[in-house]
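Residue numbers for the sequence shown follow my numbering, so the first one is 19 and each next one is one higher.
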Amino acid sequence: VCAFQPDATVSDACASYQDLDTLNTRIHPYVRSLCTQTDFFSYYRLNLFHKVCPFWSDENGMCGNIACAVNTIDNEEDIPSVWRAEELSRLEGPKAQHPGKKQQKERPERPLMGELGENVDESCVVEYDDECDERDYCVPEDESATSKGDYVSLLDNPERFTGYSGEGTHQVWKAIYQENCFSKQTAESEAKSSGNPIAPFGGLTGSQGQAAQDLKSVMKEHGRQQAMQTGGMEDKLEFEDTCLEKRVFYRVVSGLHASISTHLCYDYLNQTTGQWGPNLECYKWRLHKYPERISNLYFNFALVSRAVSKLKDYVQDYTFCTGDPVEDRRTKQMIIQLAEQLPAGSEIFDESVMFQDNYPEQTGITLKEDFRNRFRNVSRIMDCVGCDKCRLWGKLQTNGFGTALKVLFEFGDNDVSKPKPTLRRTELVALINLLDKISSAIKAVKDFREMIASEQGLN
Ligand code: FAD
Numbered sequence: 019v020c021a022f023q024p025d026a027t028v029s030d031a032c033a034s035y036q037d038l039d040t041l042n043t044r045i046h047p048y049v050r051s052l053c054t055q056t057d058f059f060s061y062y063r064l065n066l067f068h069k070v071c072p073f074w075s076d077e078n079g080m081c082g083n084i085a086c087a088v089n090t091i092d093n094e095e096d097i098p099s100v101w102r103a104e105e106l107s108r109l110e111g112p113k114a115q116h117p118g119k120k121q122q123k124e125r126p127e128r129p130l131m132g133e134l135g136e137n138v139d140e141s142c143v144v145e146y147d148d149e150c151d152e153r154d155y156c157v158p159e160d161e162s163a164t165s166k167g168d169y170v171s172l173l174d175n176p177e178r179f180t181g182y183s184g185e186g187t188h189q190v191w192k193a194i195y196q197e198n199c200f201s202k203q204t205a206e207s208e209a210k211s212s213g214n215p216i217a218p219f220g221g222l223t224g225s226q227g228q229a230a231q232d233l234k235s236v237m238k239e240h241g242r243q244q245a246m247q248t249g250g251m252e253d254k255l256e257f258e259d260t261c262l263e264k265r266v267f268y269r270v271v272s273g274l275h276a277s278i279s280t281h282l283c284y285d286y287l288n289q290t291t292g293q294w295g296p297n298l299e300c301y302k303w304r305l306h307k308y309p310e311r312i313s314n315l316y317f318n319f320a321l322v323s324r325a326v327s328k329l330k331d332y333v334q335d336y337t338f339c340t341g342d343p344v345e346d347r348r349t350k351q352m353i354i355q356l357a358e359q360l361p362a363g364s365e366i367f368d369e370s371v372m373f374q375d376n377y378p379e380q381t382g383i384t385l386k387e388d389f390r391n392r393f394r395n396v397s398r399i400m401d402c403v404g405c406d407k408c409r410l411w412g413k414l415q416t417n418g419f420g421t422a423l424k425v426l427f428e429f430g431d432n433d434v435s436k437p438k439p440t441l442r443r444t445e446l447v448a449l450i451n452l453l454d455k456i457s458s459a460i461k462a463v464k465d466f467r468e469m470i471a472s473e474q475g476l477n
């Protein structure tokens with residue numbers, strides 16, 4: 019597999035669908051096993067029900083279908099003992115404290131095990147609050163005993179067709195795509211250099227709070243009536259005029275959307291027979307007609323695979339604290355094996371070209387900050403999804419992308435002078451499950467293509 023530049027299309031000779039399909043065939047069994055055979059990667063804790071949508075209130079957007087419901091784990095016996103409330107409160111307290119921002123700044127390297135209490139490694143220590151580390155691309159999920167989170171078995175709640183649809187879904191997707199309005203400065207400098215009007219939905223400023231405020235006004239300004247009027251958001255973004263980072267942002271979102279569409283078409287409920295299975299027509303009108311959406315799915319595969327390949331050394335020191343040392347060793351071995359299947363270095367995706375000082379009025383650093391803030395806003399928008407199961411997978415996958423971006427842009431390759439940020443358990447679980455979702459979607463697309471070929475008598 020040769021270098022996949024962030025602005026390449028999958029059909030470019032360098033990163034062909036075939037290369038990525040071959041890689042996917044190789045890694046799929048590894049990532050599937052991690053997500054289905056280990057406790058660490060099959061339980062996720064998140065605040066699914068207690069966060070309100072910060073952008074609008076829309077009771078009509080709620081999904082009442084049974085398929086939208088999530089089975090949370092109400093009986094603590096069903097989760098590994100180390101994550102039970104009693105254990106979590108035991109881990110909390112001054113000795114087990116996660117290093118605060120101040121401590122991290124003063125002594126940025128990973129803390130010594132002894133400081134966390136006996137036999138308690140950093141990765142086993144629960145997080146205290148929803149506060150972001152400045153290097154986070156996502157609003158973190160809080161695993162502490164006092165948080166309002168619920169444990170969910172990801173295996174018991176597969177991402178599939180739920181029937182969640184209509185105006186409410188379009189409002190959420192539109193809000194997510196609108197996060198692509200990068201800062202005024204970038205938009206204006208692009209406009210100057212290209213001679214074209216500024217970014218598709220107008221320029222926004224960069225700070226986090228401001229971004230949320232801006233989103234509200236953008237929503238108001240454009241209103242629902244404009245939602246998806248012309249068919250695809252693809253039509254509204256003219257890539258020739260946009261900066262690389264903005265294109266990457268768009269492709270990540272569109273690729274996520276394509277992955278969700280693929281899963282819902284592949285595991286679809288035939289309402290006449292009551293059977294679950296692939297729905298070829300659904301695939302045709304949501305994906306097959308739009309090769310760019312499929313290209314963006316492959317783009318995400320390259321991006322997330324690169325992030326996971328960068329974890330190889332990091333996980334060597336990571337403690338997979340499920341309370342069962344044999345299982346923990348096995349989990350570690352499995353994730354190392356997965357990372358080893360992926361090309362090392364930037365062969366699959368080259369993130370180093372992003373956030374360079376390419377624009378006269380904005381530095382790479384401020385552009386990155388803007389990108390990060392926009393991504394955090396996408397994670398907040400997920401609280402507006404009116405179907406519990408869709409919200410679960412939407413939040414998990416956004417967290418997965420946030421983690422991938424953090425690993426890509428904040429973990430130096432072999433740069434010891436750049437300390438690696440710590441990954442929360444929820445981040446690692448989200449990242450690996452995200453790769454599993456993308457990898458499974460690519461496999462499903464391949465199956466759908468074969469169905470089309472056999473329909474056309476080509477097989
Ligand atoms: P939508 O998928 O809602 O798309 C709206 C418009 O966006 C389209 O008309 C098109 O113009 C554009 N568009 C579509 N795909 C892309 C793309 N890949 N790139 C760029 N533009 C695109 N439903 C389920 O059944 N199961 C789920 O698990 C699920 N999870 C969801 C998670 C989230 C975060 C959200 C917001 C929705 C989820 N849904 C889920 C609903 C699902 O995504 C659709 O919104 C719903 O099926 C209605 O589909 P639609 O045909 O109206 O088009």
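Glycine residues also receive a C-beta, built at the ideal position from the N, C-alpha and C atoms. On a predicted model such as this, the values are computed, not experimentally measured, just so you know.
query	result
Rounded to whole angstroms, what is the Cα-Cα separation between Asp37 and Arg467?	17 Å
With distance defined between alpha-carbon atoms, name the residue in Thr290, Asn318, Leu449, Gly475 nearest to Ser272.	Asn318
Under the rule that 16 or more other beta-carbon atoms within 10 Å means buried, what is Gly184, buried or exposed?	exposed
Using beta-carbon positions only, say whether Leu360 and Ser323 come within less than 8 Å of one another.	yes
Give the secondary structure of His171 by DSSP, where H, G and I count as helix, E and B as strand, and everything else as coil.	Here the sequence assigns Ser to residue 171, which means His is not the residue at that position. It is a strand residue.
Look up Trp74 in the DSSP assignment and say whether it is helix, strand or coil.	coil
Give me the DSSP bridge partner(s) of Tyr61.	Ser171
Where does the unbroken alpha helix (DSSP H) through Pro176 begin, and where does it stop?	Counting along the chain, Pro176 falls outside any alpha helix (DSSP H), and DSSP gives it neither H nor E.
Any heavy atom of the ligand FAD within a distance shorter than 7 Å of the CB on Phe179?	yes
The ligand PLP heavy atoms versus the CB of Ala193: any closer than 7 Å?	Among the ligands modelled here, namely the ligand FAD, the ligand PLP does not occur.
When every heavy atom of the ligand FAD is checked, does at least one fall within less than 7 Å of the C-beta of His306?	no
Using CA coordinates, which residue listed in Tyr336, Asn314, Leu426 is at the minimum distance from Ser457?	Asn314
Heavy atom of the ligand FAD less than 7 Å from the Cβ of Val190, yes or no?	yes
Would you identify the three-state DSSP class for Thr90, choosing helix, strand or coil?	strand
Taking 6 Å as the limit between beta carbons, can you name the residues of its chain near Arg296, skipping five residues before and five after?	Strictly speaking, residue 296 in this sequence is Pro, with Arg absent from that position. Within the same chain, Pro296 has close Cβ partners Tyr284.
Enumerate in chain order the residues of its own chain whose CB-to-CB distance from Gln243 is below 6 Å, with the five nearest sequence positions on each side excluded.	Its pLDDT being 30, under 50, Gln243 is placed unreliably by the model, and nothing is read from it.
Measure the alpha-carbon distance for Arg178 versus Pro378 and round it to whole angstroms.	45 Å
Given a cut-off of 8 Å, decide if Thr180 and Asn83 are closer than it, judged by their beta-carbon atoms.	yes
Tell me whether His68 counts as near the ligand FAD, meaning its Cβ is closer than 7 Å to at least one heavy atom of that ligand.	no
Please report the residue range of the alpha helix (DSSP H) in which Phe373 lies.	Run containing Phe373: none; DSSP gives neither H nor E here.
Throw me the rounded Cβ distance for the Leu449 and Val371 pair, which I believe falls under 8 Å.	Going by Cβ atoms, the distance from Leu449 to Val371 rounds to 22 Å, so no, they are not a contact pair.
So Thr15 and Asn417 are supposed to be a Cβ contact under 8 Å. How far apart are they, rounded?	This structure gives no information on residue 15, because the portion of the chain shown stretches from 19 to 477.
Quick check on the burial criterion: 16 or more other C-beta atoms within 10 angstroms. Buried or exposed for Ile194?	buried
Assign Phe67 to one of two classes, buried (16 or more other C-beta atoms within 10 Å of its C-beta) or exposed (fewer than that).	exposed
Can you tell me where the alpha helix (DSSP H) holding Phe317 begins and where it ends?	309–327
What separation, rounded to the nearest whole angstrom, lies between the Cα atoms of Met80 and Cys53?	29 Å
Within the continuous alpha helix (DSSP H) that includes Val333, where are the two ends?	330–334
Could you give the first and the last residue of the continuous alpha helix (DSSP H) run that contains Glu263?	262–284
Quick check on this structure: which residue in Glu94, Glu197, Pro176 has the alpha carbon closest to the alpha carbon of Asp168?	Glu94
What does the alpha-carbon distance come out to for the pair Glu345 and Cys339?	9 Å
Taking DSSP's pairing of strands, which residues face Trp294 in a bridge?	Leu287
Thinking just about the alpha-carbon of each residue, which of Ala87, Tyr316, Gln189 is nearest to the one in Ala462?	Tyr316
Would you say Asp406 and Cys86 are within 8 Å of each other, going by their C-beta atoms?	yes
Can you round the beta-carbon distance between Leu64 and Lys413 to whole angstroms, since I take them to be within the 8 Å contact cut?	6 Å
Based on the DSSP secondary-structure assignment, which residues constitute the bridge partners of Gln380?	Tyr377
Of the choices Asp388, Trp74, Ser60, His46, whose alpha-carbon is the least far from that of Ile97?	Ser60
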